[in-house]
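In order, the protein sequence lines correspond to chains A and B.
This note's numbering puts the first sequence at residues -18 to 238.
This note's numbering puts the second sequence at residues -18 to 238.
From the three backbone atoms N, C-alpha and C, an ideal C-beta is built for every residue, glycine too.
2 protein chains.
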Amino acid sequence: MKEKITIIKVGGKIVEENETLMQLLDLFAAIEGPKVLIHGGGRSATKIAAKLGIESHMIDGRRVTDAETLKVVTMVYGGLVNKSIVAGLQARGVNALGLTGADCNIIRAHKRPVKDIDWGFVGDVDGADGKMLAALIAQGIVPIVAPLTHDGKGNMLNINADTMAAETAKALAPYYDVTLTYCFEFPGVMRNPEDETSVIPQITTEYYSQLKEEGIVSGGMIPKIDNAFGALNGGVSKVIITRADAIDGTKGTHIIL
Amino acid sequence: MKEKITIIKVGGKIVEENETLMQLLDLFAAIEGPKVLIHGGGRSATKIAAKLGIESHMIDGRRVTDAETLKVVTMVYGGLVNKSIVAGLQARGVNALGLTGADCNIIRAHKRPVKDIDWGFVGDVDGADGKMLAALIAQGIVPIVAPLTHDGKGNMLNINADTMAAETAKALAPYYDVTLTYCFEFPGVMRNPEDETSVIPQITTEYYSQLKEEGIVSGGMIPKIDNAFGALNGGVSKVIITRADAIDGTKGTHIIL
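So, in structure tokens, the structure goes:
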């Protein structure tokens, strides 16, 4: 039987505000056994880009990444946000190591081809080196992963953090019994966005189709759940969507094949 | 006999200009055996700070690091410069891993106490975890170290890059036969700063005192050579000060106990 590993993905909103970040770090530090944290940082990137006079172009909530914007996200995700988390976890006795997919060539990607939209330096993932990542984790290291990687030609690339989490989880699936938890500001996928008691406890493939048809699942939730199913199809044992203060694995919406 | 390791420290000027960076990456990639790169990035930090409306205060060429400046150096050193080097080396087949001293708690430091000057979030190094660093290197990983670390209480700290290089070299001395090369824009320590043929081939402790008395060595060269002697006293085998295009170990000024 493979050892359990906990992979937590947290969005920008949580890691960019001091109070919620501290709470997250306390909860994450308390998780026993091997673990990985994947983080976003979009709000800080937008703020710092604006201060630098760089306009942020978003399409469907995703960032168009021109050369100047790439510098900003590399600074903010790979530097400011990542190292703040690393320092915060080290202070809590967690042996954190900040990584992008370029570090140790853990995530291989290519620049997204231009079709209808030129996304700029946005990456589509080709594969991940789970062996290298597993070797680091086996040394007691806790990877803190920024949503960035490289193209193998010397360029960094911006990667959607949900995708980064799914790819990291899949890469570790041959070595660990992986639980992937997506954290956001809600207690789970809700039938009624106004009613926090309407959390859907389980979503299967069939039920997912139905929820999409009914319009209950829409917008940014669709790529998130698609990533969740992708992870399960890639060998991940369990995927949960929940609020950042409820990462013990019992709450939220469980995605099931 | 311990295996040889090459530790190269390069200043900001080299890694911040594309042409010299590419040349450095080619030369660094060609070095055989275990290796580590420590980099600066001060010029980019000053530029980006200015764009963000943050004034850079320097004393004797070193940066006073208030809370806002700490964010800038964390972004620039830990994010932009570090990951550009990592991506560039990965493209050259080097298994680079970007690190600060906070990552894996490799460098432990404390905030410099306020005496005559309040340096802000500048660190004085307490020690380094050479064992962890050596374990990473033994896996074929090439650490790329940014001049940052943490205080163990959740704060990042700005560290002088020459000091970071000396501390990294000393930490590895129990495990490797270490050569530390400080690269800068000159071919070595020169008797006459106007004459590039006046490079001093060797500086011993005694000769160093004499050179300081004569005023031949002064200013920013003093802490650099002090760091070099510190490294030698800490078990480093060889310290060389040379130009970035001459890192084969034969040229420049050799510092000798």
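Counting only Cβ pairs nearer than 7 angstroms, list the residues of chain B close to A/N(-1). The count along the first sequence starts at 1 and reaches residue -1 of chain A at position 18. Under the 7 angstroms cutoff, chain B gives no residues; its nearest Cβ is about 10 angstroms from A/N(-1).
Consider the Cβ of B/M56: report whether some Cβ of chain A lies at a distance smaller than 9 angstroms. Within the second sequence, numbered from 1, the residue matching residue 56 of chain B stands at position 75. Chain A, which has a Cβ nearer than 9 angstroms to the Cβ of B/M56, makes this yes.
Within 9 angstroms, strictly: CB atoms of A/V103 and A/T27: Reading the first sequence from its first residue, position 122 is the one you call residue 103 of chain A. Reading the first sequence from its first residue, position 46 is the one you call residue 27 of chain A. The criterion of a C-beta distance shorter than 9 angstroms is not satisfied by A/V103 and A/T27.
Taking only three categories from DSSP, how would you classify B/K32? As a working note, residue 32 of chain B is residue 51 in the second sequence. Three-state DSSP puts B/K32 in a helix.
B/G250 and B/R24 look like a contact to me (Cβ under 8 angstroms); what is the Cβ gap, rounded to whole Å? Because residue 250 of chain B is not part of the residues shown, which for chain B are -18 to 238, the question remains open.
Is there a Cβ of chain A sitting closer than 9 angstroms to that of B/Q120, yes or no? Counting from one through the second sequence, the residue named residue 120 of chain B turns up at place 139. For B/Q120, the nearest beta carbon of chain A is closer than 9 angstroms to its own beta carbon.
Using Cβ-Cβ distances below 9 angstroms, what residues of the segment 8 to 35 of chain B are close to chain A? For the segment 8 to 35 of chain B, which is checked against every Cβ of chain A, the residues closer than 9 angstroms are I29, K32, L33, G34.
Assign B/L161 to buried or exposed, taking buried as 16 or more other Cβ atoms, counted over all protein chains shown, within 10 Å of its Cβ. Working through the second sequence from its first residue, we reach residue 161 of chain B at position 180. Burial call: buried.
Report the neighbours of B/N86 on chain A: residues whose CB is nearer than 8 angstroms to its CB, in chain order. As a position in the second sequence, residue 86 of chain B is number 105, starting the count at 1. Ordered by position in chain A, the residues that pass the 8 angstroms Cβ test against B/N86 are Q71, N76.
Where DSSP assigns a beta bridge to B/V17, which residues make up the other side? As a position in the second sequence, residue 17 of chain B is number 36, starting the count at 1. Its beta-bridge partners are B/I(-12).
B/K112 classed as buried or exposed, judged by whether at least 16 other C-beta atoms fall within 10 angstroms: Sequence index remark: in the second sequence, residue 112 of chain B carries index 131 (1-based). Exposed is the label assigned to B/K112, since fewer than 16 other Cβ atoms lie within 10 Å of its Cβ.
In angstroms, rounded to a whole number, what distance separates the CA positions of A/N(-1) and B/A146? Residue -1 of chain A sits at position 18 when you count from the first residue of the first sequence. Residue 146 of chain B sits at position 165 when you count from the first residue of the second sequence. Taking the straight line joining both Cα atoms gives about 32 angstroms.
Across which residues does DSSP place A/M56 in a beta bridge pair? Position 75 of the first sequence, counted from the first residue, corresponds to residue 56 of chain A. DSSP lists no partner for A/M56.
Coarse secondary structure for B/F240, derived from DSSP in three states: Beyond the ends of chain B as shown, which are -18 and 238, falls residue 240 of chain B; an answer cannot be given.
C-alpha gap between A/R224 and B/L213, whole angstroms: Taking the first residue of the first sequence as 1, we reach residue 224 of chain A at position 243. Taking the first residue of the second sequence as 1, we reach residue 213 of chain B at position 232. Approximately 52 angstroms between the Cα atoms of the pair.
Buried versus exposed, by CB contacts within 10 Å (16 or more), B/P15: If you number the second sequence from 1, residue 15 of chain B lands on position 34. Within 10 angstroms of the beta-carbon of B/P15 lie 16 or more other beta-carbons, which makes it buried.
In chain B, which residues lie with their C-beta within 7 angstroms of the C-beta of A/H131? As a working note, residue 131 of chain A is residue 150 in the first sequence. What A/H131 touches in chain B: A68, Q71.
So, using beta-carbon positions, are B/Q71 and A/G133 closer together than 9 angstroms? As a position in the second sequence, residue 71 of chain B is number 90, starting the count at 1. As a position in the first sequence, residue 133 of chain A is number 152, starting the count at 1. Yes.
Please return the same chain residues whose Cβ sits closer than 8 angstroms to the Cβ of B/S199, not counting the five positions on each side in sequence. The residue given as residue 199 of chain B occupies position 218 in the second sequence. These residues qualify, in order along the chain: K193.
A/A90 (DSSP reduced to helix, strand or coil): Start at 1 with the first residue of the first sequence, and residue 90 of chain A comes out as number 109. DSSP places A/A90 in strand when its eight states are reduced to three.
I think A/P155 touches A/I140, with their Cβ atoms under 8 angstroms apart; what is that distance to the nearest whole Å? As a working mapping, residue 155 of chain A is identified with position 174 in the first sequence. As a working mapping, residue 140 of chain A is identified with position 159 in the first sequence. Contact check for A/P155 and A/I140: beta-carbon distance about 21 angstroms, past the 8 angstroms limit, so the pair fails to qualify.
Reducing DSSP to helix, strand and coil, say where A/T172 ends up. Within the first sequence, the letter at position 191 stands for residue 172 of chain A. For the sequence presented, residue 172 of chain A should be read as Arg rather than Thr. If DSSP states are grouped into helix, strand and coil, A/R172 belongs with coil.
B/I203 to B/D99 span [Cα, whole Å]: Numbered from 1 along the second sequence, position 222 holds the residue referred to as residue 203 of chain B. Numbered from 1 along the second sequence, position 118 holds the residue referred to as residue 99 of chain B. Near 22 angstroms, if we compare the C-alpha coordinates of B/D99 and B/I203.
Applying a beta-carbon distance threshold of less than 7 angstroms, which residues of chain B neighbour A/T136? Counting from 1 along the first sequence, the entry for residue 136 of chain A is found at position 155. In the sequence under discussion, the amino acid at residue 136 of chain A is Asn, which differs from the Thr named in the question. Residues of chain B passing the Cβ test: A68.
Between the segment 5 to 12 of chain B and the segment 177 to 197 of chain B, do three or more beta carbon pairs fall short of 8 angstroms? Contact between the segment 5 to 12 of chain B and the segment 177 to 197 of chain B is absent, because fewer than three Cβ pairs lie under 8 angstroms.
As assigned by DSSP and simplified to three states, the class of A/P124: Looking up residue 124 of chain A in the first sequence gives position 143. Residue state, collapsed to three classes: strand.
Name the residue from A/I(-12), A/L18, A/M137, A/V53 whose alpha carbon lies nearest to the alpha carbon of A/A31. Position 50 of the first sequence, counted from the first residue, corresponds to residue 31 of chain A. For the set A/I(-12), A/L18, A/M137, A/V53, the Cα lying nearest the Cα of A/A31 is the one of A/V53.
For A/I125 versus A/A109, is the C-beta distance shorter than 9 angstroms? Within the first sequence, residue 125 of chain A is the residue found at index 144, counting from 1. Within the first sequence, residue 109 of chain A is the residue found at index 128, counting from 1. Not closer than 9 angstroms, so no.
Roughly how many angstroms separate the alpha carbons of B/V17 and B/I(-12), rounded to a whole number? Residue numbering aside, residue 17 of chain B sits at position 36 when the second sequence is read from its first letter. Residue numbering aside, residue -12 of chain B sits at position 7 when the second sequence is read from its first letter. Looking at the two C-alpha atoms, the distance is approximately 5 angstroms.
Cβ closer than 8 angstroms: which chain A residues qualify as neighbours of B/T(-13)? On the second sequence, position 6 is the one that residue -13 of chain B refers to. Within chain A, no residue comes near B/T(-13); the closest Cβ sits about 19 angstroms away, beyond 8 angstroms.
Which residue's Cα is closest to the Cα of A/K(-17): A/I236, A/K232, A/V217, A/I19? Taking the first sequence and counting its residues from 1, one reaches residue -17 of chain A at position 2. Here the closest residue by C-alpha is A/V217.
Cβ neighbour criterion (16 or more within 10 Å) applied to A/E166: Residue 166 of chain A sits at position 185 when you count from the first residue of the first sequence. Residue burial is scored here from C-beta neighbours: A/E166 has fewer than 16 other C-beta atoms within 10 angstroms and is therefore classed as exposed.
If you draw a straight line from the alpha carbon of A/R93 to that of A/A48, how long is it in whole angstroms? Walking along the first sequence from the start, residue 93 of chain A turns up at place 112. Walking along the first sequence from the start, residue 48 of chain A turns up at place 67. Rounded to the nearest angstrom, the two C-alpha atoms are 14 angstroms apart.
Counted within 10 angstroms of its Cβ, other Cβ atoms place B/T50 as buried (16 or more) or exposed: Position 69 of the second sequence, counted from the first residue, corresponds to residue 50 of chain B. A buried status is given to B/T50, since no fewer than 16 other beta-carbon atoms sit within 10 Å of its beta-carbon.
Could you work out which residues of chain B lie near A/A83, taking near to mean beta carbons separated by less than 7 angstroms? Taking the first sequence and counting its residues from 1, one reaches residue 83 of chain A at position 102. Chain B residues near A/A83: K64, V67, A68, Q71.
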